[in-house]
Amino acid sequence: MKKLLTWALLVAAGALVLLFFSNDFGLIDIQKTAIVAAIGIDASAEQEGQWSVTAQIAVPDSGAGKASNVTIPAAETVGAGIAEVNRKTGWYPTLVHCRLILLGEEVAKEDVFEVLGYFLRSEYVEDSCLVAVCAGTAQETLGAASPVGELTALAITKVLSSEAQKTGLVCVTNLQNFAKGYYSRAKSGYLPLLSLKKEAEGEGASGGGSSGGEQGGGQSGEKKTADVFDASETVLFYKGKRAAVLSPAETLAFNLAVTATDFAFGEVQAEENGAPATYSLKMKVTKKARSLSLKEDTPVLTFHIRANAQVADTSGASALDAVARKAIVPEPVLRAAERELEKQLTAVLEKAAESGCDLFGMKQALLRSRPQDYDALAPTLLQTARAVYDIRFGTLH
Amino acid sequence: MDKLKLRQICFLFAAVLPAAKLLIYPSTLSYYAKNDLLLSAALNFLLEGAVIALVMLLAQKTRGTFFSLLQNTFGQAAARAVYLLLALFLLASAVLPMLEQKNFVTQVLYENVPSVLSFIPFFAVCAFACTKGLKALGRIADIALPVFAVSVAVLLLLAAPHADLGALQPPGAAGARGIFTGTLFSLPWYTECLFPLLLLGHFDHERGAAWKVLLSFAAGAGAVLLFLALFYGIFAELTILTQYPLAHIAKYTTVFTTLGRADFLFIFAVALVCIFCLCIPLQLCVHCVREAFPSVPPAAPAVAVSAVLLILSVLLNYSFNAVQTLCMRYAFPAYLLFAYALPALSLLLHKTPPQAKARQNGRRRKKNSEAAALRQARRREKRRSKELL
Amino acid sequence: MKKQQQPFGTDAEQNAAALKALLPAEDVLVYTFCTADGTPCTAVYTDGITDKELLGDLAARPLAAAAAPRTREEAKQRLLFPETKDANDCAAAAEEVLAGNPALFIGGIAGAIVLGTKKISVRAVAEPQTAITVKGPREGFIEDIKTNMGLVRRRIKSPALRLDGCRAGKYSGTDIRVVYLEGIADRKTVQQIKDRIAAVQIDGVPDSSYIARFLAEKPYSLFKQTGTTEKPDIFCAKLLEGRIGVLVDGSPIALTLPYLLVEDFQSAQDYFVSPYRATLSRLLRLLAVLLSLYLPAFYVAAQLFKLQLLPFALLLTVSGGIQGIPLSPSLELFFLLAVLEILIEASVRMPKYVALALSVIGALVLGDTAVKAGLVSSPAIIIVAMSGIAAYTVPDLTGTLSVMRLAFVVVAGSIGTYGILLLTAFLLYYLLTSDGYGAPLLAPFSPLVRRDLKDSLLKADLFALDRRPAVLRSKNKTRLKAAKREEQRHG
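Protein chains in written order, with the numbering used here: chain A, 13 to 409; chain B, 27 to 415; chain C, 6 to 496.
Rendered as C-alpha cells:
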C-alpha cells in the first residue's frame, strides 16, 4: 500500500511539474493581456442598430501608464465588440480593472441596459465600476488628453470619485446601484453627464489616439492643450432611457439632500448693505433625512436638512472684521441659502415628476412603509406628492 | 477510538459549517424568499437547532456511539445497513456543495475559464483528509475558527456601510408560500444536524454540553443571518444575479483604494475554510464505513469516496443547474429523512444491549424486593416497640 | 566463550599482548615499566587521546616507587586517580582504551585497572553562529559531551537532573546522554526515547541529526520532528518545561523532545526582553514565514491567473517590468529561486577571501545586469529577495521553507490560486495529525490549549507563565509561585 502511495505521489508530482513547465492549458500570459481601463459605447455611425465599442487599454510604459484606444466601429452586441478587440489587436482584453463605462449621448436615448446587460452578465467585470453618460461620443471623450498626463480613464474616475461626491459636485453612481434602480419597481436611476472642455494647457499630456479598429499609440509630449472634464450635470433615467437633465445647481441640491455629500460649496444671492451680493458658502451637512408620509391621502415628502455654513468668499470687497468673522454667516444669507436649496429641490422634484424618474426613492419608501397602499398610490405618486422642507442652515455664534 | 473535544464540535458549528452557506445559497434563497430570506433561513436554523438539541439530549443519556445504539436495538446487520445508507447519503449530499465550490473556485479565483484540472487536486486533499479520521476533523476546527471569524468579520465590516437594510422591508412581502418554499428548498444546505449523531460516543460529555453546542450553533447561525441581511441590503433586486456574494460583498469599499481588492485575502481565507467544510461530510462518510466494517483500512474508503466524487465532478461539469434543481426540489424528502427524522428518532433507540438490559432489570427487581422486605421488617419492629411501650 | 571475553590472567605482559592483539592499530601503544620489586606492569593506551603525562605521573611513578601491590584495591589506593574502573576482559578493556582511558595491568593481579586520563582536543565554548543573541548568555555547546554535560549541570544544580547514558554506533560507540528532570519529565516518554536509542543499529553516529532521525515518529517527513538547540540556556529552559534532552558526543547540537512547531518561532532573547517586544518579534517572525512561503506563489498566481489581485497601479508597474522577458512568470520565478538557493549554498561553502568578490557578482551581475539584459524583471528579483531574507528570521525552518516555497510556486504556476489554497489545506491536515511523543505538532493552536497560548506566538509576562505547558503532560505542573505583591513592595 505504501509503495502504491509512493508511486501515486511521484506520478502526481511529475504531472504537476509538467503542467508547470508547459504553462499551457488555456492560460493567457500577462504579457499577452490588454488591461482595459475603460469602455466607451456609442451608437454605431456605420451601421444602424449596432454599437461602436471603444476600449481604452492601459499600456505599461516604464511603470507609468499610457492609454491606447481601440475602437470597433460596428458590433452587434457589446460582447461581440470586445471579442473583436482580441481579434484586431492580438491581445486578450481583460476587464477586471475596467473602472469606467462611458455611454455616448445617442446611446442614452434608448434603453441603456441593451448595452449594460453585457457587463451585468460578465463574471469578470466588477459591477463597482463607474458609469457615466458623456456629451458627444464616448470615443471622443476617451480620446481626450488629460492635463496631468495620465490615462484618460483615470482622470475621469478622479472627476467621478467618491471625494467628488462628498463635495456635492457630482452625482456618482456605479453599475450596481444604477442596475438596482433599473430593476426596482421605480425603474429609475441617474448618471453623471460628463462633458469635455478644452481649457487647460499642460505638458506631458497623454491620452489615446485611435482610428477605427486600429490600435493607436500614445502621443506624449506632442499636445500642448489638454482637456478637462466636467460632470456637474446629471441625467435622469426612466426605464433605462434618458428622461431629464439636472443643472449643476440642481445636482448640488440633490446631493445635499440625498447622496453622500456632506461638505459642499454653493453660491447664494443675498443683499449686503442694500446691494445684491453673491456669497460663496462652505456648507457642512450635519443631518439629512427624508420621509414619505400620507396626509389626507396625499403623499408628503418631507426633507429634513441641517447644515452649518461658513463664508468662503463674497463678490464684493468686505470689511476686515467681516473677513475675520468668516465663520459667522449673516442671517439673511443663511435664509437665502435655505430658500435657494428649497427652490432647487423643487425644480428637481418637478423634473423628476415630469420625466417619471423616481429620483427620491418615493415608491420604494411607500412600498416599505405602506405596502398596503402601494398599488393604489404608486402610479401617480410622483405627480401627486407634495414636498415639505425642514431646512435649516446654521452658523457659528 | 478517534476522539474529539466538545470544544471542537462547538467550533465546527460556529465557524466551519456556516462557510458553505456563503457561496450560492444566498442568491438561491433570495430567488424564492426575496426580501424574507432572513425568515426563511431562520426557520431552517430553528429546525436544525431543534434536532441538534435532541441529539445532545441523547448524548446526555448514553456514552455509546450511534452504531452501538442501532446494534442494541436492531442488531449488528441492521446497524451496518443503516450506516452504509448514511455513508451513501453523506456522499450524495456532498455532490451539490462540491459542484458549488467548483464553480466558486473557477469564477472567483480565476479570470479566464481554467481547465477542469484546476479543481481535481481537491480530491487528493480530500482523500488525504479522509484517511486522518475524526481527530483531524476536530483539530481543523481549532484552526478554522480564528481564520473564519476574522475573515468574515472583516468582510462584513467592509460591506456594512453599503448595505441598506431597509431593502428587507416589508416583512412578509414574499408571502408564506415564498418563505416556506425557500425553507424547504434550502434543505440541501442544512444537513449539519446529522453530524453530532455520527460523533456520538466520540467526544467526552461535559456539563452544559448541550448549551455550549447550541450556543455555538446560534453564533454560526447569527453570522449567516447577518451575512444574508447585508447581502440583501447591498444587492436588493440584484440578489438573484449575484452568485457567490462572498466575493462581491466587500468590494465596494476596497475597489478604489490604493490597495485594490484587499478583501481577496479574506475571501481566500474563507475559501480555505470552505475546503475543510466540504471535506467534513466525506470524512464522516468514511467514518461510517469504518464503523460498519472496522477491519477496512481508512485509505480504501477514502480513495473510493474521492474517486466517485471526482468522476461525478467531471460528468456533471455542465449540469450544475440540473443537480441543484434535483437536490432542492425533488430530493428534499431524503434530506428530511436522514438529516432530521433519523437524529430525532434516535432518542427512541435502546441505550443498553438487550441482555444487559435484562440483567439490569433482574438486578433492579431484586433490589426493589429487598428494599420492600426491609421496609416491612422495620414496620413490624416499630409496631412491636409501640406495643412494648 | 569468545577470545575477547575471556578473563584476564595475572601475567601483565600476556594480558597486554592479548589486548594488543585485539587492537592492532599502530596508534595503540604499550608502555611497560616495573615496580620497585621488579614486578612488570604494562599500560595499553591510544596515542593522541590519552594524557601520557598524567599516566606517567599518577600511575607509573607511584607504582615504580614501591613494591607491587597485591590486590587491585591496594593498587587503586596507591594510584592517585579520582576516576578508575575495572575491566576484566579484553572487550571491556578495548572499549575503554579506544575511548582514551588506558588499561593498566600489574603483574600478579588479575584484570585491568582503567584509568581516566582521556585528553581530547576540543574547541572552546563560544557563541554558536546559528543562535546569536543581543541580550542573554552566549555560551554554546561544543562537540565534547562531557563539557556539554558540565554546561547543563552548571545551570541546573538539582539532584533531580538525570543524564542517563546510552551508546549507539557499532564502530563509533558514540556516547549519548538522555537528559531530563526526574519528577517533571514524563516517565513514559523518557523510556520511549531510551528504547529507541537502544534499538539503533548503525555503524556510526557522526552527528545528533542521525539520532534525531531514529527518534522521529515520521522519519520521512519534510518537517522537523525534534527540537534542536546549540545553547545550554535554551536546553535547560526546555528541560525545566518538562521536555527531554538528548546530548550526543561529537555534536554541538542538542535535541529536545517532544517538539512543537511553535518552538522555532521562539528565540532565547524573547525571555530577556520586554514581553511586548517579544510578542511583536514573534508575530513578525510568523509574518516573515508567511511572506516567505506565499509571496512568490501569489505573485505567480496573480500574473497567470488572477490579475485582479494586483492593484491597478502595481499591475501596470509589474506589467511594464516584465515586457520582453523571455520566460513566463512562473519559470522566471522558479529560475530566480534556484539562483537564490545556489547563492546560499555557495556562500556557506566558499572561502572567506573570495566571499566579497562573489557577493559583488551576485548582487551586480545576477541582479542589476540581468534586469538590464532583459532576462528577469525587477519585481521578480524583489519578490525573491524578500522571500529569501524573510525565511532567515526563523533559521531552524529555513530548509523546510525553501522546499515548501518551491512547491508553492510550482503549484501556483500550474494550478493557480486554488492550488495555493489546496496545498495549504494539505499541509494543515498533515501537520495537525503529526503527533510526536504524545504532543501534537501544532499545539497549542490545534488542539487548542488556552493556557499554553501565553507562551506561543504571544509572550506573556514572566509572572503569567506559572504553569508548565500542559501539552508536555508533566506531573509537576507549577513552575513559578508568585510571591505576594504586598510583601514584595514593603519588603
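Built from N, CA and C at the ideal position, the CB exists for glycine as well.
| Pairwise C-alpha distance: A/T310 and A/D139 | Position 127 of the first sequence, counted from the start, is the residue given in the question as residue 139 of chain A. Position 298 of the first sequence, counted from the start, is the residue given in the question as residue 310 of chain A. Using only the alpha carbons, I get a separation of about 37 Å.
| field | Residues from the segment 106 to 140 of chain A in contact with chain D, defined by Cβ distance under 8 Å | value | The question asks about chain D, but that chain is absent: this structure's protein chains are A, B and C.
| field | Any 3 or more C-beta pairs closer than 8 Å across the segment 229 to 246 of chain B and the segment 35 to 47 of chain B | value | yes
| Residue from A/G61, A/V97, A/G26, A/C141 whose Cα sits closest to the Cα of A/E122 | Indexing the first sequence from 1 puts residue 122 of chain A at position 110. Out of A/G61, A/V97, A/G26, A/C141, A/G61 has the C-alpha closest to the C-alpha of A/E122.
| How many whole angstroms separate the CB atoms of C/T15 and C/I114, which I take to be in contact at a CB cut-off of 8 Å? | Within the third sequence, numbered from 1, the residue matching residue 15 of chain C stands at position 10. Within the third sequence, numbered from 1, the residue matching residue 114 of chain C stands at position 109. That pair is a contact at about 6 Å.
| query | Can you name the residues of chain C whose CB is closer than 7 Å to the CB of A/A410? | reply | Here chain A covers residues 13 to 409 and nothing more, so residue 410 of chain A does not appear.
| request: Scan the segment 97 to 179 of chain B and note each continuous alpha helix (DSSP H) run of 4 residues or more that stays entirely inside, going in chain order. | output: 102 to 119, 121 to 134, 147 to 157
| In the segment 310 to 342 of chain C, which residue ranges form an unbroken beta strand (DSSP E) of at least 3 residues, counting only runs that do not cross its ends? | none
| message | I want to verify the contact list: residues of chain C whose CB lies under 9 Å from the CB of B/K31, in sequence order. | response | Here residue 31 of chain B refers to the residue found at position 5 when the second sequence is read from its first residue. Chain C residues near B/K31: P452, L453.
| If the cut is a Cβ gap below 7 Å, which residues of chain A does C/S334 touch? | For this step, residue 334 of chain C is matched to residue 329 along the third sequence. At residue 334 of chain C the sequence reads Pro, which differs from the Ser that was named. Result: I42.
| said: Suppose the cutoff is 8 Å on Cβ atoms and the five residues either side in sequence are ignored; what does the same chain contact list for C/P67 look like? | reply: Numbered from its first residue, the third sequence carries residue 67 of chain C at position 62. Once the five neighbours on either side are set aside, the close Cβ partners of C/P67 are R83, L84, L85.
| request: Taking C/G155 as the reference, give the member of C/F240, C/V414, C/T438, C/G424 with the closest Cα. | output: Mapped onto the third sequence, residue 155 of chain C falls at position 150. It is C/F240.
| Can you name, in chain order, every residue of its own chain whose Cβ lies under 7 Å from the Cβ of C/F521, other than the five neighbours on each side? | Because chain C is modelled from 6 through 496, residue 521 of chain C falls outside the range shown and cannot be assessed.
| Closer than 8 Å to chain A by CB, C/G367 | As a first step, residue 367 of chain C is located in the third sequence; it is residue number 362 there, counting from the start. It does not: the Cβ of C/G367 has no partner Cβ on chain A nearer than 8 Å.
| Using a Cβ cut-off of 8 Å, which residues of the segment 168 to 191 of chain A contact any Cβ in chain B, in chain order? | T169, S173, S174, N186, Q188, A191
| Roughly how many angstroms lie between the CA atoms of B/V134 and B/A273, to the nearest whole one? | Sequence index remark: in the second sequence, residue 134 of chain B carries index 108 (1-based). Sequence index remark: in the second sequence, residue 273 of chain B carries index 247 (1-based). Computed Cα separation, rounded: 7 Å.
| said: Residues in the same chain with beta-carbon distance under 6 Å from B/L336, minus the five sequence neighbours each way, listed in chain order, please. | reply: Reading the second sequence from its first residue, position 310 is the one you call residue 336 of chain B. F149, listed in sequence order.
| request: With DSSP as the reference, please indicate the residues paired to A/G201 in a beta bridge. | output: Within the first sequence, numbered from 1, the residue matching residue 201 of chain A stands at position 189. BP columns for A/G201 point to A/F249.
| query | Straight-line CA distance for B/L32 to B/D230? | reply | The residue labelled residue 32 of chain B in the question sits at position 6 within the second sequence. The residue labelled residue 230 of chain B in the question sits at position 204 within the second sequence. Cα to Cα, B/L32 sits roughly 7 Å from B/D230.
| query | Excluding sequence positions up to five away, which residues of its chain have a Cβ less than 7 Å from the Cβ of B/F257? | reply | Position 231 of the second sequence, counted from the first residue, corresponds to residue 257 of chain B. Hits under 7 Å: P52, T265, P271, I275.
| said: Can you confirm whether B/Q133, when its beta carbon is compared against all beta carbons of chain A, has any partner nearer than 8 Å? | reply: As a working note, residue 133 of chain B is residue 107 in the second sequence. Closer than 8 Å: yes.
| query | Can you name the start and end residues of the beta strand (DSSP E) that A/M295 belongs to? | reply | Position 283 of the first sequence holds residue 295 of chain A. Looking at the DSSP string, the run of the beta strand (DSSP E) that includes A/M295 is 287 to 307.
| task | Taking A/K209 as the reference, give the member of A/R351, A/V108, A/K294, A/L154 with the closest Cα. | result | Locating residue 209 of chain A in the first sequence gives position 197, where the first residue counts as 1. A/K209 has its Cα closest to that of A/L154, out of A/R351, A/V108, A/K294, A/L154.
| said: Quick check on this structure: which residue in B/L213, B/F253, B/G198 has the alpha carbon closest to the alpha carbon of B/L183? | reply: Reading the second sequence from its first residue, position 157 is the one you call residue 183 of chain B. When only C-alpha atoms are compared, the closest one is B/F253.
| message | Contact criterion: CB-CB distance below 8 Å. Does A/E234 meet it with respect to chain C? | response | As a first step, residue 234 of chain A must be located in the first sequence, where it is residue number 222. Residue confidence is low: A/E234 scores 49 on pLDDT, short of 50, so the model does not pin down where it sits. Its coordinate-derived value is still stated next. It does not; no Cβ of chain C falls within 8 Å.
| query | Does the segment 107 to 123 of chain A touch the segment 285 to 302 of chain C, meaning 3 or more C-beta pairs lie closer than 8 Å? | reply | no
| said: Checking the sheet assignment: what are the DSSP bridge partners for A/H113? | reply: Here residue 113 of chain A corresponds to residue number 101 of the first sequence, with the count starting at 1. Note that residue 113 of chain A corresponds to Ile in the displayed sequence, not to His. Answer is A/I51, A/V143, bridged to A/I113.
| task | Could you say which of A/G406, A/A92, A/E279 lies nearest to A/S5 if we only look at CA atoms? | result | The question about residue 5 of chain A has no answer here: the residues shown for chain A are numbered 13 through 409.
| task | Give the secondary structure of C/V251 by DSSP, where H, G and I count as helix, E and B as strand, and everything else as coil. | result | Taking the first residue of the third sequence as position 1, residue 251 of chain C is located at position 246. Three-state result, C/V251: strand.
| request: Please compile the residues from chain C whose C-beta is within a distance smaller than 8 Å of the C-beta of A/I94. | output: Residue mapping note: residue 94 of chain A aligns to position 82 of the first sequence, counting from 1. Neighbours of A/I94 on chain C: none; closest Cβ ~16 Å, over 8 Å.
| So B/D289 is in the alpha helix (DSSP H); what residue range does that whole segment cover? | Residue mapping note: residue 289 of chain B aligns to position 263 of the second sequence, counting from 1. Segment 289 to 318, the alpha helix (DSSP H) holding B/D289.
| Which bits of chain C does A/I47 rub up against, with CB to CB less than 9 Å? | Counting from one through the first sequence, the residue named residue 47 of chain A turns up at place 35. The contacting residues are L312, F317, L320, L321, S324.
| query | Opposite A/N186 in the DSSP bridges: which residues? | reply | Numbered from its first residue, the first sequence carries residue 186 of chain A at position 174. BP columns for A/N186 point to A/L142.
| Taking Cβ positions, are C/P257 and C/F110 nearer each other than 8 Å? | Here residue 257 of chain C refers to the residue found at position 252 when the third sequence is read from its first residue. Here residue 110 of chain C refers to the residue found at position 105 when the third sequence is read from its first residue. Result no, Cβ atoms of C/P257 and C/F110 do not sit closer than 8 Å.
| message | Between A/G219 and chain B, is the shortest Cβ-Cβ distance under 8 Å, so that the two count as touching? | response | Sequence index remark: in the first sequence, residue 219 of chain A carries index 207 (1-based). At A/G219 the pLDDT is 44, less than 50, meaning the model places this residue with poor confidence and gives no usable figure here.
| task | Measure from the C-beta of B/L490 to each C-beta in chain C and report whether the shortest distance is under 8 Å. | result | Outside the displayed range of chain B (27 to 415) lies residue 490 of chain B, so it cannot be described from this structure.
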